Structures are given as C-alpha cells and as structure tokens.
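Protein chains in written order, with UniProt numbering: chain S, 1 to 214; chain U, 1 to 245; chain H, 1 to 468.
All C-beta atoms, glycine included, are put in the ideal place defined by N, C-alpha and C.
Fair warning: this is a prediction, and the values are worked out from it, not measured in the lab.
Note sheet for the following structure.
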Amino acid sequence: MNSRERILARIGQALGRPGDPAPAGIEGHLQSHPRGPRPVLEGDAIARFRERAARMASDVAQANAMTDVPGVIARYLEQQRLPLRAVCWPALTRLDWRAAGIQTEARAARADDLVGITGVFAAIAETGTLMLLSGPDTPATVSLLPETHVAVVEVSRVVATMEDAWDRLRAERGAPPRAVNFVSGPSRTADIEQTVTLGAHGPYRVLIVLVGGA
Amino acid sequence: MRVGLFVTCLVDLMRPSVGFAALELLKAAGCEVVVPQAQTCCGQPGYNSGDRAAARALALKLVGEFEDCDYVVVPSGSCAGMIRVHYPTLFRDEPAALERVRRLSARTYELTDFLVSVARLDAPPGEFHGVVTFHDSCSGLRELGVQRQPRALLARMPDLTLVEMREATTCCGFGGTFAVKYDDISTRMADKKCAHIDASGADAVVACDLGCLLQIEGRLRRRGDHATMVLHVAEVLAGEEGACG
Amino acid sequence: MRLEAVQFRRKAAEALDNERLQRALEKFPSRFVDTRAAALAELGNTEQLRDAAADIRARTLRDLDAWLRRFERAAAARGATVHWAEDADEANRIVTEIARAHGVRKAVKSKSMVTEECGLNEYLERQGLEVIETDLGEYILQLAHEPPSHIVAPVVHKSKEEIAELFEEKHRKPRKDDIAELCREAREELRPHFLGADMGISGANFLIAETGSVLIVTNEGNGRLVTTLPRVHVAVSGIEKVVPTLEDATTLLRLLPRSATGQAITNYVSLLTGTRGAGESEGPEHCHIVLVDAGRSRMLGTELEPMLRCIRCGACMNHCPVYQNIGGHAYGWVYPGPMGAVLTPALAGIEQALDLPNASTFCGACSEVCPVKIPLPDLMRHWRERQTEQRLRPRRERLLLRLWAWTALRPRLYAVVARAVARLLHGLGGSDGLVHRLPGASGWTRGRDLPAPPGLTFHALYRKRRGA
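Okay, structure coming up:
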C-alpha cells in the first residue's frame, strides 16, 4: 500500500466503513450545491456595492457609458499625479484610450507597470468585492503587480452575493478558470503592531469605475 | 415547592454566610427549603482534573440526595453548570443512569436564575447602600446564561446602584486547581480584573460564584485594597454580608 | 518547527515578565475582540451561520475519504498532481522531489501553518534550496529566526522598534521608524524574490471537492503573487481542509475573516484551479497539491473529531484570557491558545504537551467565539482524562485528588475534615482576617491572600441553628 491508500483506508476504518463506497449523498450535494444562510441585504445592490467598496478603501467613480470610461480614468490618474500610461486587459482594447490621453499596452503586467486597467466578471454588493477571472484576454497580473489598479464595472455585472456570482460563473463559463480572484480594495497588512497599512505586496490603490445605472 | 439547597463545598468551608443568605432568599420567595445533610461536593474538581470515575461517583451520590426535591438550587454557576450540563455527559453511555441523572439535571438551577425564572422573587429582603459592580462568572454565564438575572435582582434594591466595569465577562483567573497550578498566570488575570473593578469606582464587587470571589478578594487585598467589599450576590440580596460566623 | 511545549511553565513565566510582549498583548481586546464582535453583529444571523458552518465541516468529515477522492479526481482533471503524505517527513520529501524534478533553485512561500508543522523551510534549505517567506509577518520571523506566536498575526509579539532594528541590520538600509515605510521596504526587498522564484509554495484555506480548487485568503496579495508568477505552484494542505462546494466555502468565508481579524472579507480570496490555460501568458505551468495527514486521520472517529472542523481563524486565542496574558510562544509549537492545547497533543503526542490542556480555566470564551462551534474546553478535558488514565499527572496531584474523592464520598468523615480545615484556616488568618501564607498551597498565596473562613462550616452552623 502506498501513502494514499493507507491514509484513505485509515479514514474509512475510523468512519466505520472500510472499503470504498462513495456515500450516496455526495453526488446529490454537488448537483444541488445548496446555499447557506445569507445576510439580508437591504436596499439597492448597486448602492450597497458602492458603499461597501468605499468601506474597503476602494475609490469609486461613475461613468455614464463605456465610451466615457477612458476620460474618467484619465481624470483620476491626473488627480493622483499618476502617469497616463497603463497596462490593460486585451479585453479592453475596444475603448478609445488615446482620445483620453492614456497610453495603454494590452498584455499581462510586468514589474515596472505603474497602472493596471481591468474589467471584472462580476462585482459583489454584499462586500464591495470585485471578481476577476484569469484568461488570455484577462491576465491576472494586471490587477496585482501595478501600484494602481483600475477596474471597470458595468452595473449589469453587480450581483448581491458570492453565491450569485458562482451561479453566474457556472451559467456563463461552466468551470472556473485557472484563477478566480476576489479583490476587495488595495492590498494591506496589519502584521506590524496590528496597524493597518495599505499597499503590501499588491496595489496601493484601487479605483472602481461604475458604468451606467447612475 | 420543595427546593433542595446544595450549598457547595466551597461555601460550606469558606463562607457559610452565602449558604444562609441563599436559604433566606429561597424562603422569601416562598419555597420550602431542605438542606440534605450528607451533601459534600458536586465532583467538579475531579471532573476538571480528568478523573471521570471520581466525578461519576460523586454525581450519583448527589443525585441520590436530591432526587426527592422539585428543584435543586445552587449558589454557584460552576457547580450548577456541573450538575445541569456536565452530569449527563458523564453518563452518556449508560441509558438507565442517564435517564435518572437527566431528570435531576433539568431541575437544577443557579440561585439567581431560579429566583428570577422560577420562584419570581419580586423584592429581595436585603438592603444595600452603595455602588456595586458585577463580575460575570464564566460557567454561570456561558453554560447557564446567567447574566441578566442577578442584575435584575440587584436592580430591585432601591439603595443600590449598579455600574458595569470593563470586560465584566472576562475570566478572573480562578479556574479551580488552575489557580494553584498556574498561579502566576492566574494572578495576572486577577490583576486585570482588579484594575477594572478599581476603575469602576464601585464600593463592592459582586459575583455569583465563591471561587471568583476568593480569587478577586485575595488579589485585591494583596494589592493593598482593603476597602472594596467583595460579596456574593446572595449576601447582597439577603442583607447577610459580613453576618454570621 | 521545533516542539518545545514541555517548557510551557518556564516560557509562560518569561512571557509574564516580558514588558514589550505585555504591551503588544494589551491590544488584543480592542484589536481582535471588539472588531470581531462588530463584524459579526452586522450580519444579524451569526448563530445560524455558525450552525451552518459547523454542519458543513462535520458532514464533510463524516465522508472525508469520499470527498478527498472526489477532490483528487477534479484536481487531476484540471492538470494538477495530487500527492499524499503520511507525515511531516514525507511531505517534506515530496516537496523536495517536486523542486528537483522542475529544476527549482528558489522558492517563495505564502503563509501555511501545515508547512510550519512539517518544518518545510528548514528541510528545503538543508537540500540547498533558497526559501523566502513573503507574508510580512512570516518574513520578519524568518529574518529574526523566530517561530510565529499567532496563527493569523504571526509577529504580534514584536514591536515596530524591534522590526526597525531587524530591517536596518538585515537590509543594510537606513533605519525607518514609520510602519508604512517599514512595509514599503519589505515590499521592495521581496519583489525581486517573487519575480525570480521558480516555485511558489502556498497553504490552502479550503480545498474545493466540486472543482478541484485550492482556495486561499490573504490581505497582502503575496498569496496571489506566489501562486501566479513562479512556473511551479505547490499547495500544501492538511487532509481536513476539503469542503464539498463553492457555496459551502462561501458560508465558511462569511465567518473566517470576521472571526480572525474582524474583516467582512479579506482583500484577496483566490480560487486556484489547475495549471496555466491555453493561450495564457502567465500562471504556473505545473501545479502540485500535497495532502498531509500527519496525525489527522487518527483523530477521526474519536472524541477529538470536532477539532478537525477548525478553520484556523485564531478567534479562540484572541479571546483566551490565558493567551492574552502569555502570548503564543509559551505554547511551544505551531498552534497556540485553546486550539493548540487540543491539537498539539493530538498531532505531536500527549506526553509532549502535558501542560497545554491543563493551562486553562475552562472559562469557555473560546468555544463561545469558535465559528465552527468546536467544544474546546470539552476537548481539553478529554486530554486531561487521558493524562489521568495514563498516569501522566504528578504523583502528588493524583494522590490529593484520590484522597479528596474518597473523603467526599464519606459524608461523616468529610464533615470532620471540613470542620478541621475551617478551624485551621481560621487560625491562620491574621488580625486582618487574611491568610498570607498557606502551607501546602503556596501557589495560592504567592500572589494572593486567602480570606480566612469564620471557623465553622455551613453545615455545622446549620445544625446548630436548627438545634437551637
């Protein structure tokens, strides 16, 4: 017997059913994937998302339509005295960045990129959280390596809870991609004297541009 | 209503006034009180030290002594919790004994819980002039939900003012044999409790468990505080503080 | 990690005298207790959630073998390789072999308690690998050659001045005194390591059987870097971390960060499934998952099974009045506080940790806050009972207990003894009514007086009154 077999045999023995009978409930539970208790979220999901995202120290800006997004981002970068130069998701190249004065490169991020622009798969109102899926056109490093992360969120992507996001993932993608990243504000640490400091290994700031629904 | 009073071994030995105060309060609430004379200890020291056999023997002894009472009332949250919560687990593999133990466990109450929830004592007979702060004893609080009951009773005393100290529900560091085995940690825990009592400005600290009171008074006095009174809630409610001896 | 739990008493005494540590520990009530309470209060259904969370963990453990098989199948289908380790040594060997097979020279690591159990870093270093801890707290400890003192806030025992000194010495850069500047300096030191590492080693907060995924929560983002940049990702996890579905994990996630740090959610929650996909220019090309038993399966089917529900939030230690006074190092191994008092004897051996399950007042604060409702005092009592059965308690203690029980079962004798002791203690009381020194129980009077009893027992007085 190898370690795998020994461990599994020991577990089966301890549980009082040696051998390998797949208990009946397992496939049923996977099929139905029941939801646990969820908090009651009062009011409008988009307003809740906005409020929660701010509480997690994300900056939130509004754009009326996708075409306005580059302008909104340009203004934010200028306000923050950041360069108008960014790495962005290949999925976002259809926007007219040049008109807003932003120089973009569509690729995965490198260590020296200062600003990264991404979309999202969903945004979760309960906690003000962004949900990003990795993929060839949506590289995960863009939301991770630069000191500033800008996320473009169309209001149609706002869902109430993480459970709603999983359902959307199953419906639209089937299985999860290599990485599903939930992002709630800039990276932070409280390891030194339990004092919260923004900007640990990931971004120092996160701008969320909400598109539509204003 | 025939109530069996289990005074506890600690009260028997260290502070009989608590037992008489409890007796007084139960009578004031209209109960017929019996005090079985063969009672000794609920078995908690053995149980918490890992000696299950000793705990079981003492549990059966206690059950036998109180079986004919409608209720068992205990002026201690930890001893009441022992009987109410832990006795059944001692006999979980013996259906016959378990049934018998359960019947008694279900009728066992911490004193203030009994006075508020069952006997409905409206007017505590004692008098107390001054400011008190209340320390929540761990077992009573977390095993039996004793928190509002003693406060409700104290609130019915016209000349008594209750002020809450910080971290009233944090352990005082007694913990039975813990207090002697790990005396340095235990003393530090008591120190923090004493500081909160001190900061509350109360004339007296009150609790439902004599173990906590010995711990708190022992440390307060060693710290040089000889003024703050350290009282069992029964003593305050019955007006028995300092009496008897 | 070296096991030093047998030195509990000495280390606890040192901790009580360590002023820097005491200052750090003073922050626990406000930083951990109050924030947790506030984060849970806003949910409005904490008890319902705790019940659901406990139920998910308990049910999964009842079919643990089946869920692990299901997880393995799903992970393999996505290109991950699942390894099984009986003990720490085998886990270390597996990781080393993976490193060798992929020509790894440098590994970056995010926080993982099971690898602390295994002593993985030291093992890999002995094999000639460079291993860098990247969680800020763990990085500081690696520089200082110290073990963690808390499972969530590993460096809670250190002041910023100590860290400033350490950075100045190790980084050879001008001393920084501001916490934000210290954090930036660590970030700048660690970035090149992330970029240059061949292998990333992470733990797993949960393994998702449904999707074959590893789920990791972090705040700093180092967990993301470790699992994204290097070409090899190795996740090391205890076998008990498996949960069935994404929804089950979500229920647990509502409680984990709230219980740990009072956050509604951690900054990052990453669900990692398999290897780099077709057309992707990033992400690990190789993914290995090491499932470590190391004593866990032996707990199944015993009284200790509920301990396997633990999700490592640290709430039990944050709320433990003993931990709050002595910190984590006194517990002498990876897991401090109440969960350590139960887990250390289970994983490392009962005789290796005799003090741990005894050094508790059974106040119950731990089980009151445990998100998965582990009855921690009951499980500590379990160990006390095993110690008694195996005659591991000191002879004097056993003798006293036996004498006490024997007497308490004989009411007449007991009454005589009680009266004698009451008289004796009364006599020892001075003019102030206090016993200052108690022969035979000097532990009590070292730091406390004993209010002297009035001299007659309750039962003696009661008989007198009734007779009168």
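With 16 other CB atoms within 10 Å as the buried threshold, where does residue 1(U) fall?
Numbered from its first residue, the second sequence carries residue 1(U) at position 1. Exposed is the call here.
Using 8 angstroms as the threshold, is the C-beta distance between residue 443(H) and residue 7(H) below it?
Taking the third sequence and counting its residues from 1, the one referred to as residue 443(H) is at position 443. Taking the third sequence and counting its residues from 1, the one referred to as residue 7(H) is at position 7. No, Cβ-Cβ distance for residue 443(H) and residue 7(H) is not below 8 angstroms.
From residue 288(H) to residue 86(H), what distance separates their C-alpha atoms?
Numbered from 1 along the third sequence, position 288 holds the residue referred to as residue 288(H). Numbered from 1 along the third sequence, position 86 holds the residue referred to as residue 86(H). Distance between the alpha carbons of residue 288(H) and residue 86(H) is about 16 angstroms.
Inspect the CB distances between the stretch 386-394 of chain H and the stretch 338-356 of chain H and report whether three or more fall short of 8 angstroms.
yes
With burial defined as no fewer than 16 other Cβ atoms inside 10 Å of the residue's Cβ, what is the status of residue 149(U): buried or exposed?
Residue numbering aside, residue 149(U) sits at position 149 when the second sequence is read from its first letter. It counts as buried.
Quick check on residue 12(H): does DSSP put it in helix, strand or coil?
As a first step, residue 12(H) must be located in the third sequence, where it is residue number 12. The answer is helix: DSSP assigns residue 12(H) an H, G or I state.
Flag residue 189(U) as yes if its beta-carbon sits less than 8 angstroms from any beta-carbon of chain H, otherwise no.
As a working mapping, residue 189(U) is identified with position 189 in the second sequence. Yes, because at least one Cβ of chain H sits closer than 8 angstroms to the Cβ of residue 189(U).
When the Cβ atoms of the stretch 392-412 of chain H are set against those of the stretch 37-48 of chain U, are three or more pairs found closer than 8 angstroms?
yes
Taking C-beta pairs closer than 8 angstroms, name the residues in chain S that residue 432(H) reaches, listed in chain order.
Along the third sequence, read from residue 1 onward, the residue named residue 432(H) stands at position 432. Per Cβ cutoff of 8 angstroms: no residues; residue 432(H) is ~43 angstroms from chain S at best.
Are residue 174(U) and residue 151(U) touching if we call contact CB-CB under 8 angstroms?
In the second sequence, residue 174(U) corresponds to position 174, counting from 1. In the second sequence, residue 151(U) corresponds to position 151, counting from 1. Cβ atoms of residue 174(U) and residue 151(U): not closer than 8 angstroms.
Pick from 74(U), 102(U), 123(U) and 131(U) that is closest to residue 113(U), judged by C-alpha positions:
As a first step, residue 113(U) must be located in the second sequence, where it is residue number 113. Out of 74(U), 102(U), 123(U) and 131(U), 74(U) has the C-alpha closest to the C-alpha of residue 113(U).
Among the residues of its own chain, which have a CB less than 7 angstroms from the CB of residue 228(H), if the five just before and after it don't count?
Taking the third sequence and counting its residues from 1, the one referred to as residue 228(H) is at position 228. 282 and 283, listed in sequence order.
If the criterion is Cβ atoms closer than 8 angstroms, does the pair residue 38(H) and residue 263(H) meet it?
Position 38 of the third sequence, counting from 1, holds the residue named residue 38(H). Position 263 of the third sequence, counting from 1, holds the residue named residue 263(H). Result no, Cβ atoms of residue 38(H) and residue 263(H) do not sit closer than 8 angstroms.
Can you say whether residue 96(U) is buried or exposed, counting buried as having 16 or more other CB atoms within 10 angstroms of its CB?
Translated into the one-based positions of the second sequence, residue 96(U) becomes position 96. Under this definition residue 96(U) is an exposed residue.
3-residue-minimum beta strand (DSSP E) runs that sit fully inside the stretch 37-122 of chain S, ordered along the chain:
59-63, 85-88, 103-106 and 115-118
Whole angstroms is fine: what's the gap from residue 211(U)'s alpha carbon to residue 71(U)'s?
In the second sequence, counting from the first residue as 1, residue 211(U) sits at position 211. In the second sequence, counting from the first residue as 1, residue 71(U) sits at position 71. Going by the C-alpha atoms only, they are around 23 angstroms apart.
What does residue 71(U) pair with, by DSSP beta-bridge criteria?
Residue mapping note: residue 71(U) aligns to position 71 of the second sequence, counting from 1. Paired residues: 3(U).
If you count every other CB in all the chains shown that lies within 10 Å of the CB of residue 1(H), and 16 or more means buried, which is it?
Your numbering for residue 1(H) matches position 1 in the third sequence. Buried.
The stretch 59-75 of chain H contacting the stretch 187-202 of chain H, beta-carbon criterion three pairs below 8 angstroms
no
Buried versus exposed call for residue 157(S) [16 or more other C-beta atoms within 10 Å across all chains shown]:
The sequence position of residue 157(S) within the first sequence is 157, counting from 1. When all chains shown are included, residue 157(S) counts as buried.
Tell me the rounded alpha-carbon separation between residue 179(S) and residue 298(H).
One-based indexing of the first sequence puts residue 179(S) at position 179. One-based indexing of the third sequence puts residue 298(H) at position 298. Distance between the alpha carbons of residue 179(S) and residue 298(H) is about 34 angstroms.
Following the continuous beta strand (DSSP E) through residue 233(H), name the residue where it begins and the one where it ends.
Position 233 of the third sequence, counted from the start, is the residue given in the question as residue 233(H). Run containing residue 233(H): 232-238, per the beta strand (DSSP E) assignment.
Buried or exposed for residue 477(H), going by 16 or more other Cβ atoms inside 10 Å?
Residue 477(H) is absent from the structure shown; chain H starts at 1 and stops at 468.
Exposure of residue 205(H), with buried meaning 16 or more beta-carbon neighbours within 10 Å:
One-based indexing of the third sequence puts residue 205(H) at position 205. Answer is buried; the Cβ neighbour count reaches 16.
Do the stretch 203-222 of chain U and the stretch 313-320 of chain H make contact, defined as three or more Cβ pairs closer than 8 angstroms?
no
Restricting to Cα atoms, I'd like to know which of 240(H), 116(H) and 260(H) is closest to residue 35(H).
Locating residue 35(H) in the third sequence gives position 35, counting from the first residue. Minimum Cα distance to residue 35(H) is reached at 260(H).
Within chain H, partners of residue 40(U) - CB distance below 7 angstroms:
Indexing the second sequence from 1 puts residue 40(U) at position 40. Here the neighbours are 408, 411 and 414.
Three-state secondary structure assigned by DSSP to residue 206(H):
Within the third sequence, the letter at position 206 stands for residue 206(H). Note: residue 206(H) maps to strand in three-state DSSP.
Which ranges would you report for the beta strand (DSSP E) in the stretch 113-180 of chain U if only whole runs of at least 3 residues count?
130-134 and 160-162
Using only the alpha-carbon positions, how far apart do residue 244(U) and residue 233(U) sit?
To locate residue 244(U), count along the second sequence from 1; it is residue 244. To locate residue 233(U), count along the second sequence from 1; it is residue 233. Confidence in residue 244(U) is poor, its pLDDT being 40 and thus under 50, which makes the residue's placement unreliable; the coordinate value appears in the next sentence. Using only the alpha carbons, I get a separation of about 16 angstroms.
Under 6 angstroms Cβ to Cβ from residue 130(U), same chain only, skipping five residues before and after it: list those, please.
Position 130 of the second sequence, counted from the first residue, corresponds to residue 130(U). Contacts found: 203.
Thinking C-alpha only, which one of 46(U), 61(U) and 85(U) is nearest residue 55(U)?
Residue mapping note: residue 55(U) aligns to position 55 of the second sequence, counting from 1. It is 46(U).
Just the C-alpha distance for residue 235(H) and residue 131(H), rounded to the nearest angstrom, thanks.
Working through the third sequence from its first residue, we reach residue 235(H) at position 235. Working through the third sequence from its first residue, we reach residue 131(H) at position 131. Approximately 15 angstroms between the Cα atoms of the pair.
Between which two residues does the alpha helix (DSSP H) carrying residue 196(U) extend?
What you label residue 196(U) is simply residue 196 of the second sequence in a count that begins at 1. Looking at the DSSP string, the run of the alpha helix (DSSP H) that includes residue 196(U) is 183-200.
Note down, in chain order, all residues in the stretch 278-291 of chain H with a beta-carbon under 7 angstroms from any beta-carbon belonging to chain S.
279, 280, 281, 282 and 283
Taking only beta-carbon atoms, is residue 325(H) less than 8 angstroms away from chain U?
The sequence position of residue 325(H) within the third sequence is 325, counting from 1. Answer yes: the Cβ-Cβ gap between residue 325(H) and chain U drops below 8 angstroms somewhere.
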